[in-house]
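Structure first, commentary second.
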Amino acid sequence: MAAQMIRNRMQPWTFLAPFLLLFVAFLLVPLIYAVYISFFVRRMGVLYFVGFQNYITAIQDHQFWVSIVRVFFYGVVQGVIMIVLALLLALLLDTKWAKFKSLFRLLFLLPYAVPGVFASILWGFLYSKSMNPLLHDLKFDPLSSGFLLYAIVNIATWEWAGYNMILYIASLTGVSSELYEAAKLDGCNEWQLARFIKLPLLKPTIVMTCILSFIGSMQLFNEPFLLTALTPISPDFTPNIYIYNMAFSMTNLPYAATLSVFLALITILISVIALIVNRLWRRRTPTAGAGASAASAA
Amino acid sequence: MAQHTGSATAQMKDRTGVLPQANYRAVRAKTVATQSVVTLILFILAFYFMLPIIWILIASTKNAKELSSTGIFSLPSRLHFFENVRLLTTYQHGVYWMWFLNSAIYAVAVAVLTCIVSSMAGYALAKYDFRGRNGIFLLVIASLMIPGTVTAIPLFIVEKAFNLVDTYAGVIFPLIASPFGVYFLRIYIQDVVPNDLLDAARVDGASAARTFWSVVFPVIRPALVTLFLISMVGTWNNFFLPLVLLNNQDLYPLPVGIESLMSLINTPEAAMTVPLYPLIITGSLISIAPMIIGFILFRKQIVTGLTQGSVKL
Chain A
0 MAAQMIRNRM
10 QPWTFLAPFL
20 LLFVAFLLVP
30 LIYAVYISFF
40 VRRMGVLYFV
50 GFQNYITAIQ
60 DHQFWVSIVR
70 VFFYGVVQGV
80 IMIVLALLLA
90 LLLDTKWAKF
100 KSLFRLLFLL
110 PYAVPGVFAS
120 ILWGFLYSKS
130 MNPLLHDLKF
140 DPLSSGFLLY
150 AIVNIATWEW
160 AGYNMILYIA
170 SLTGVSSELY
180 EAAKLDGCNE
190 WQLARFIKLP
200 LLKPTIVMTC
210 ILSFIGSMQL
220 FNEPFLLTAL
230 TPISPDFTPN
240 IYIYNMAFSM
250 TNLPYAATLS
260 VFLALITILI
270 SVIALIVNRL
280 WRRRTPTAGA
290 GASAASAA
Chain B
0 MAQHTGSATA
10 QMKDRTGVLP
20 QANYRAVRAK
30 TVATQSVVTL
40 ILFILAFYFM
50 LPIIWILIAS
60 TKNAKELSST
70 GIFSLPSRLH
80 FFENVRLLTT
90 YQHGVYWMWF
100 LNSAIYAVAV
110 AVLTCIVSSM
120 AGYALAKYDF
130 RGRNGIFLLV
140 IASLMIPGTV
150 TAIPLFIVEK
160 AFNLVDTYAG
170 VIFPLIASPF
180 GVYFLRIYIQ
190 DVVPNDLLDA
200 ARVDGASAAR
210 TFWSVVFPVI
220 RPALVTLFLI
230 SMVGTWNNFF
240 LPLVLLNNQD
250 LYPLPVGIES
260 LMSLINTPEA
270 AMTVPLYPLI
280 ITGSLISIAP
290 MIIGFILFRK
300 QIVTGLTQGS
310 VKL
């Protein structure tokens with residue numbers, strides 16, 4: 000019989016106090032304040048209550064929606080490229096042919112240690128004609144307005160592919176070697192092993208990384224913000240850049256708060272939908288884990 | 000285990016029995032070929048991932064003139080690295096090293112305080128039965144979904160009211176309020192710290208505080224190391240929050256400081272008088288170096304942290 004949890008009225012609150020104090024002051028209060036001030040407008044330094052007017056303005060704000068559509072598109076393109084690359088890395092390193100596995104794993108993961116700001120500076124200079132004369136000869140400008148989004152896709156992929164690879168490798172190492180042995184005895188070659196055993200096993204992790212990557216993409220800020228030093232970038236390039244400019248260049252805090260709340264709602268809605276779809280999907284098809292244990296039992 | 004070796008020998012018998020010698024050699028040659036192709040692909044991919052890092056190592060040894068006139072992988076006529084470091088050190092009376100120190104202060108302070116605050120809260124939520132326990136835990140989980148950038152601008156207004164804008168505390172406090180840390184340690188403490196151990200401590204007459212510091216804290220050390228590293232790296236890399244909360248450049252951490260140099264590229268007066276490119280490049284290299292070295296040294300703990308943190312989420 001295991002011991003019970005501790006019953007005490009005051010002690011838990013003493014332990015919780017420092018966290019709760021900080022949590023309320025620096026997370027809840029700003030959040031509530033953001034919602035509160037989004038119902039006001041400021042004219043001549045005086046706040047006027049306007050109800051949902053700011054939200055109506057936001058819904059009709061063409062610039063805001065263009066920026067949302069842009070990060071949606073970016074999120075899909077970047078997510079697909081990065082996850083395919085990360086899967087390729089994880090599956091290649093998991094074959095019997097790969098040499099120097101731990102060295103390669105480290106090299107692929109190392110960009111993750113480079114802060115986003117510096118990743119943007121490094122790639123930004125490599126993209127810049129004044130620093131990389133080769134681009135001049137190739138007549139290729141990665142920072143031109145038509146290519147800029149893909150230039151950022153490359154920066155983010157470089158930063159995060161190794162991180163996703165590590166998550167896939169972790170899921171693969173959890174698999175019992177007996178399953179692989181069984182598959183090999185049944186005549187599976189390495190390709191079939193990857194296609195029919197490992198990929199299905201990775202499915203839950205792939206779904207999770209897709210969601211995390213898309214949510215991260217919605218918040219895109221650092222990379223385009225840093226690149227403004229090297230190439231003109233519109234003040235509404237991403238929702239967060241638009242919000243930042245609204246708050247600090249236009250000094251329209253109530254509207255910036257409105258857009259922040261709006262963006263948070265969209266992000267939360269997407270994650271909730273993704274989680275529900277994922278739940279339903281998993282219930283419909285037997286989970287990879289169950290399949291694996293059934294196979295090894297057989 | 001017995002099954003495992005059994006299947007391996009069965010496979011070996013099968014191989015030598017069925018395949019004639021010549022055929023076996025062909026299979027071996029094919030394996031070697033595949034092995035080389037796979038290794039080649041891995042090398043090419045590794046080159047892609049190392050390209051910017053190799054470039055900055057070379058670029059930090061060039062002066063301004065060579066940076067703009069030579070190819071990205073061409074080596075300089077002589078090493079200008081220490082010259083560049085001296086430029087960096089003398090730029091505005093050494094403000095760069097101030098930024099470096101600030102980054103270290105923010106990172107260490109946030110990491111230490113997050114570990115203490117989160118483990119206390121995680122312990123209360125994991126081991127105490129009290130009214131409001133589930134409500135608070137739900138609130139913590141819900142707040143994990145809120146993107147950090149959403150609260151940054153309102154945070155600025157709130158901190159202005161408390162006179163916390165342009166202070167160290169103003170940057171450190173919001174980062175300690177880490178729902179992830181509480182979530183992570185609550186789960187860990189629930190799994191790892193046995194209730195019997197806490198009972199035993201109480202029977203021995205230990206106070207609640209003593210039980211926590213001398214019994215719980217040592218048991219959860221592996222999780223604390225992970226959380227310490229995650230918060231330290233996260234704070235060192237954080238850009239948006241200090242960008243919004245700081246105006247005084249003496250308080251900047253490295254990313255915000257270097258960004259302020261980047262933005263000078265577009266102001267012609269500054270670009271003419273200050274060798275901006277060598278400053279930014281050498282400054283970036285010195286900012287990245289501790290992270291990369293730390294990463295190589297602590298790769299095991301960091302990888303565990305990354306996989307535990309997100310797989311459990």
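Chains as they are written, first to last, in numbering that gives the first Met the number 0: chain A, 0 to 297; chain B, 0 to 312.
Here a beta-carbon is modelled for each residue, glycine too, at the ideal position from N, C-alpha and C.
Owing to the predicted nature of the structure, the values given are computational and were not obtained by experimental measurement.
In chain order, SER213, VAL214 place their CB closer than 8 Å to the CB of B/ALA205, counting only its own chain and leaving out the 5 sequence neighbours on each side.
According to the DSSP assignment, A/PHE39 belongs to the beta strand (DSSP E) that extends over 39-42. Distance from the Cα of A/PHE22 is smallest, within the candidate group B/LEU245, B/ILE140, B/VAL84, B/GLY233, for B/ILE140. Residue range 100-108 is occupied by the alpha helix (DSSP H) that includes A/LEU105.
Within a 10 Å sphere around the beta-carbon of B/MET271 sit fewer than 16 other beta-carbons, which makes this residue exposed. Look at the beta carbons and you see the stretch 25-37 of chain A not touching the stretch 216-231 of chain A: under three pairs across the two are nearer than 8 Å. In this structure, the CA atom of A/TYR47 is about 15 Å from the CA atom of A/ALA256. Remark: C-beta atoms of A/MET4 and B/ASP128 approach each other more closely than 8 Å. B/LEU196: member of the alpha helix (DSSP H) spanning 194-202, first to last residue.
With respect to the 8 Å criterion, A/PHE220 and B/THR148 are classified as neighbours on the basis of their beta carbons. The C-beta separation of A/LYS98 from B/GLN34 comes to about 7 Å, placing the pair in contact by the 8 Å criterion. Against A/GLN218, the close residues of chain B are PRO146, THR148, in the order they occur along the chain (beta-carbon pairs closer than 7 Å). Ranked by Cα distance from B/PHE238, the first of A/LEU88, A/LEU87, A/LEU125, A/GLN218 is A/GLN218.
Separation of the CB atoms of A/THR156 and A/ILE214 is rounded to 16 Å, and the pair is thereby denied contact status at 8 Å. Take B/GLY169, set aside five residues on each side of it, and the residues of its chain with a beta-carbon closer than 6 Å to its own are GLU158, LEU163, LEU244, in chain order. Judged by their CB atoms, A/LEU105 and B/ILE71 are not nearer to each other than the 8 Å cut-off. Under DSSP, the beta-bridge partners assigned to A/LEU46 are A/ARG41. For B/TRP98, the CB contacts under 7 Å within the same chain, skipping 5 residues up- and downstream, are TYR251, PRO252, LEU253, GLY256 in chain order. In the displayed model, B/ASP128 falls within a strand according to three-state DSSP. Look at the stretch 86-105 of chain A: the residues with a C-beta under 7 Å from a C-beta of chain B are LEU88, LEU91, THR94, TRP96, ALA97, LYS98, PHE103, LEU105.
Its chain contains SER59, PRO277, THR281 as the residues whose beta carbon lies nearer than 7 Å to that of B/ASN83, once the 5 sequence neighbours on both sides are disregarded; these appear in chain order. With distances taken between CA atoms, A/ARG6 lies nearest to B/ARG132 out of B/ASP203, B/ILE291, B/ARG132. In the displayed model, A/ARG6 falls within a strand according to three-state DSSP. In this structure, A/GLN62 is the residue among A/VAL45, A/ALA181, A/ALA33, A/GLN62 with its C-alpha nearest to the C-alpha of A/PHE236.
The DSSP assignment places complete alpha helix (DSSP H) segments of no fewer than 4 residues inside the stretch 165-244 of chain B at 167-175, 178-191, 194-202, 220-236, 239-244, in order along the chain.
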